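Peer 1:
Protein chains: 2
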Amino acid sequence: MRPQKISDQELTVNMLEILRSRGYDGSSLNDLALVGGLKKASLYHRYPGGKETLVQSVLDHFTGEFEHRVFSVLTAKKKKPKKKLTAALRSIALIYDNGGANCLYRALSMQSGMEIFGAQIRENCQKWLKSFEHIGKDFGFKKKKSKLLALESLIKIQGSLVLSNIFGDRKLFIETLNDIKNSYLGN
Amino acid sequence: MRPQKISDQELTVNMLEILRSRGYDGSSLNDLALVGGLKKASLYHRYPGGKETLVQSVLDHFTGEFEHRVFSVLTAKKKKPKKKLTAALRSIALIYDNGGANCLYRALSMQSGMEIFGAQIRENCQKWLKSFEHIGKDFGFKKKKSKLLALESLIKIQGSLVLSNIFGDRKLFIETLNDIKNSYLGN
DNA sequence: GTCTATAGCTAGATAGAC
DNA sequence: GTCTATCTAGCTATAGAC
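In order, the protein sequence lines correspond to chains A and B.
For the first sequence, position 121 (counting from the first letter as 1) is numbered 121 according to this note's numbering, and the numbering increases by one without interruption.
Start counting at 1 in the second sequence, then tack on 1000, and there's your number in this note's numbering.
Structure below.
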C-alpha cells in the first residue's frame, strides 16, 4: 500500500473549491485531480463510480458542514436562542468565506446538476428551513411567522451570495447576515 | 440568398431558454442549434465569432428586455410611482416566467461565464439598482433608504429565483414579488 | 443560408505498469 | 495508490458543396 499523496478530507475540501466556483459541467476531472496534486486517473481509485460519485462525496461533505455547524446548533436544546443564532450565522459566514465563496447547492443547481443531485439539494434546503423555523419558535415567534422568517433568511442568503459574487463585494453578504440577525431580534 | 429557417429574434429567444437553464459550459453548440431547428455549423454563419459572440448576443437581448420593460418603466417621468412599480414587477414576473425560468445573469455567473461576461453582468445589475433607487425616491424615500430598498429587492429576486428553481415552486417567487411591492408601499 | 464532412482537441473513463 | 497510455465520445470550429 503506497501512502496517499493527499488525505480524502483535504482532497474533498480542495475539490469543493473548484466545484462551487465552476459548477458541475465547468469542473473537469483534470481540474479536480490537479487541486489534489493528482492525475485524473487516480481519482478513479478513490471514486470508482466516476465524476458523479466524486461530486456526490463533495456534496455530502458540504451538507455535513451545515448539519454540524448550523442545523444542529440552531436546534440544540440548551443555550439562549440569541447565542445559538449568532453562532449559526458565524458558521454560515465561515462556510461561505464571508461571501467570497459560492453556495455548492447553487453551483449544482443548473439543469445537469439538478437532474443528478436535485433531490438531495431540495432535501438539504428543507432541513435549512426547518432549523431556522425551529430557532424562530425558540425566539417566541408563532409557527407561521417562524416559517416566514426562515424562508426570508434563506432567500436573503442565496440572493446576497449571488450579488456579492457578481459585484465582488463581500460587504454585501456580511450586512445581509446582520440583517437576518436583526429580523429575529426584532429590528 | 436562401431564406432563414428561423428569424434571428426567434432563434435568440429559443437559445436563451437553453442558456439560462444550463449555463455557459452546460450548453453545447449542438443543443443551441437544435432549438432553432438548425445544425451547429449554421450557427457560425450567424455568429462568425463562435460560441462567445452567440452568447453575447443572447445576453444583449436579455439585457434589452430589462432596459425596455423594467428600467425605462421605473425611471419614466410620467405616471404615479405605484403604477410604474406595479408594471415593472409584472414585467419581471414575465421575464422569469413567474419563477419557472432562471436568471441568465446567474446562469452565466459561474467562473467560466464570469471571465467573459462579468463586466456586463455587473453593469446591468448596477442599472437595476439605479432604476430601483430611482423609484424609491419617486415614492418619497430618502437616498439612503432608496438605495437599501433597491439592494434588498435585487437580493430577494435573485434569492427567490434560486429557491423556486430548487424547490420547483413558483409561488415562492410570486410572493416575493409581492413582498417587494409592499416594501415600497409601506407594508 | 444551411448543410455534410472533418479537423483538432478535450472530456470522462479504463487497462495495466510500477 | 498513483502513474502513463489509450479508448471513445463529445466539444468548438472550419472547409466547402449545394
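Note that beta-carbon positions come from the ideal geometry of N, C-alpha and C, so glycine has one too.
Note that the structure is predicted; figures quoted are calculated from it, not measured.
Roughly how many whole angstroms lie between the Cα atoms of residue 87 (chain A) and residue 1152 (chain B)?
Peer 2: Numbered from its first residue, the first sequence carries residue 87 (chain A) at position 87. Numbered from its first residue, the second sequence carries residue 1152 (chain B) at position 152. Straight-line Cα distance between these residues: approximately 24 Å.
Peer 1: Taking the alpha-carbon of residue 83 (chain A) as reference, which of A:38, A:45, A:136 has the nearest alpha-carbon?
Peer 2: Position 83 of the first sequence, counted from the start, is the residue given in the question as residue 83 (chain A). Nearest of A:38, A:45, A:136 to residue 83 (chain A), Cα basis: A:136.
Peer 1: Quick check on this structure: which residue in B:1042, B:1121, B:1075 has the alpha carbon closest to the alpha carbon of residue 1133 (chain B)?
Peer 2: The count along the second sequence starts at 1 and reaches residue 1133 (chain B) at position 133. If we check each option's Cα against that of residue 1133 (chain B), B:1075 comes out closest.
Peer 1: Pull up the distance between the alpha-carbon of residue 89 (chain A) and that of residue 1027 (chain B), whole angstroms please.
Peer 2: As a position in the first sequence, residue 89 (chain A) is number 89, starting the count at 1. As a position in the second sequence, residue 1027 (chain B) is number 27, starting the count at 1. Roughly 36 Å separates the two Cα atoms.
Peer 1: Assess contact between the region 174–185 of chain A and the region 1167–1178 of chain B, defined as three or more Cβ pairs (one per stretch) separated by less than 8 Å. Is contact present?
Peer 2: no
Peer 1: I need the DSSP call for residue 158 (chain A), collapsed to helix, strand or coil.
Peer 2: The residue given as residue 158 (chain A) occupies position 158 in the first sequence. Residue 158 (chain A): helix per DSSP, three-state reduction.
Peer 1: For residue 186 (chain A), does the three-state DSSP call read helix, strand or coil?
Peer 2: Counted from its first residue, the first sequence places residue 186 (chain A) at position 186. Here residue 186 (chain A) sits in coil by DSSP.
Peer 1: One question on the structure: do residue 106 (chain A) and residue 161 (chain A) come within less than 8 Å of each other, judged by their Cβ atoms?
Peer 2: Within the first sequence, the letter at position 106 stands for residue 106 (chain A). Within the first sequence, the letter at position 161 stands for residue 161 (chain A). Going by C-beta atoms, residue 106 (chain A) is nearer than 8 Å to residue 161 (chain A).
Peer 1: Helix, strand or coil for residue 1105 (chain B)? Go by DSSP, reduced to three states.
Peer 2: Mapped onto the second sequence, residue 1105 (chain B) falls at position 105. Three-state DSSP puts residue 1105 (chain B) in a helix.
Peer 1: Classify residue 156 (chain A): buried if its beta carbon has 16 or more other beta carbons within 10 angstroms, exposed otherwise.
Peer 2: Start at 1 with the first residue of the first sequence, and residue 156 (chain A) comes out as number 156. Looking at its Cβ environment, which holds 16 or more other Cβ atoms inside 10 Å, residue 156 (chain A) is buried.
Peer 1: Please tell me whether residue 1095 (chain B) has its Cβ less than 8 Å away from any Cβ of chain A.
Peer 2: Start at 1 with the first residue of the second sequence, and residue 1095 (chain B) comes out as number 95. Closer than 8 Å: no.
Peer 1: Examine chain B for any beta-carbon lying closer than 8 Å to the beta-carbon of residue 166 (chain A), and answer yes or no.
Peer 2: As a working mapping, residue 166 (chain A) is identified with position 166 in the first sequence. For residue 166 (chain A), the nearest CB of chain B lies under 8 Å from its own CB, placing it at the interface with that chain.
Peer 1: Given this structure, state the Cα-to-Cα distance separating residue 159 (chain A) from residue 1180 (chain B), to the nearest angstrom.
Peer 2: Position 159 of the first sequence holds residue 159 (chain A). Position 180 of the second sequence holds residue 1180 (chain B). If you draw a straight line from the Cα of residue 159 (chain A) to the Cα of residue 1180 (chain B), it is about 14 Å long.
Peer 1: Please classify residue 12 (chain A) as buried or exposed, where buried requires at least 16 neighbouring CB atoms within 10 angstroms.
Peer 2: What you label residue 12 (chain A) is simply residue 12 of the first sequence in a count that begins at 1. Residue 12 (chain A) should be labelled buried.
Peer 1: Check for me: the alpha helix (DSSP H) holding residue 6 (chain A) runs from which residue to which?
Peer 2: Here residue 6 (chain A) is taken as the residue at index 6 of the first sequence, counted from 1. Segment: none, residue 6 (chain A) is in no alpha helix (DSSP H) and carries neither H nor E.
Peer 1: Name the chain A residues that come within less than 8 Å of residue 1063 (chain B), Cβ to Cβ?
Peer 2: Here residue 1063 (chain B) refers to the residue found at position 63 of the second sequence. Under the 8 Å cutoff, chain A gives no residues; its nearest Cβ is about 14 Å from residue 1063 (chain B).
Peer 1: Does the region 53–61 of chain A come within contact of the region 1040–1058 of chain B, defined as at least 3 CB pairs closer than 8 Å?
Peer 2: no
Peer 1: Residues in its own chain within less than 6 Å of residue 1146 (chain B) by CB, not counting five upstream and five downstream?
Peer 2: If you number the second sequence from 1, residue 1146 (chain B) lands on position 146. Contacts found: 1133, 1136, 1137.
Peer 1: Suppose only complete runs of 3+ residues qualify. What are the beta strand (DSSP E) ranges in the region 1034–1063 of chain B, listed by chain order?
Peer 2: none
Peer 1: Between which two residues does the alpha helix (DSSP H) harbouring residue 67 (chain A) extend?
Peer 2: Sequence index remark: in the first sequence, residue 67 (chain A) carries index 67 (1-based). Counting along the chain, residue 67 (chain A) falls outside any alpha helix (DSSP H), and DSSP gives it neither H nor E.
Peer 1: By the criterion of Cβ-Cβ separation under 9 Å, what are the contact partners of residue 99 (chain A) in chain B?
Peer 2: Taking the first residue of the first sequence as 1, we reach residue 99 (chain A) at position 99. Near residue 99 (chain A) there are no residues of chain B at all, since even the closest Cβ is about 12 Å away, more than 9 Å.
Peer 1: Under 9 Å between beta-carbons, which chain A residues line up against residue 1105 (chain B)? List them in chain order, please.
Peer 2: Your numbering for residue 1105 (chain B) matches position 105 in the second sequence. Ordered by position in chain A, the residues that pass the 9 Å Cβ test against residue 1105 (chain B) are 162, 166.
Peer 1: Give me the subset of the region 4–38 of chain A whose CB atoms are less than 7 Å from a CB atom of chain B, sorted by chain position.
Peer 2: 21, 22, 23, 25, 26
Peer 1: Would you kindly check if the distance between the Cβ of residue 1020 (chain B) and the Cβ of residue 1102 (chain B) is under 8 Å?
Peer 2: Looking up residue 1102 (chain B) in the second sequence gives position 102. Looking up residue 1020 (chain B) in the second sequence gives position 20. Yes, Cβ-Cβ distance for residue 1102 (chain B) and residue 1020 (chain B) is below 8 Å.
Peer 1: Can you tell me whether residue 1023 (chain B) is buried or exposed? The criterion is at least 16 other CB atoms within 10 Å of its CB, across all chains shown.
Peer 2: Counting from 1 along the second sequence, the entry for residue 1023 (chain B) is found at position 23. With 16 or more Cβ atoms within 10 Å of its Cβ, residue 1023 (chain B) is classed as buried.
Peer 1: Taking only the alpha-carbon atoms, compute the straight-line gap between residue 16 (chain A) and residue 1032 (chain B) and give it to the nearest angstrom.
Peer 2: As a first step, residue 16 (chain A) must be located in the first sequence, where it is residue number 16. As a first step, residue 1032 (chain B) must be located in the second sequence, where it is residue number 32. Residue 16 (chain A) and residue 1032 (chain B): Cα-Cα distance of roughly 29 Å.
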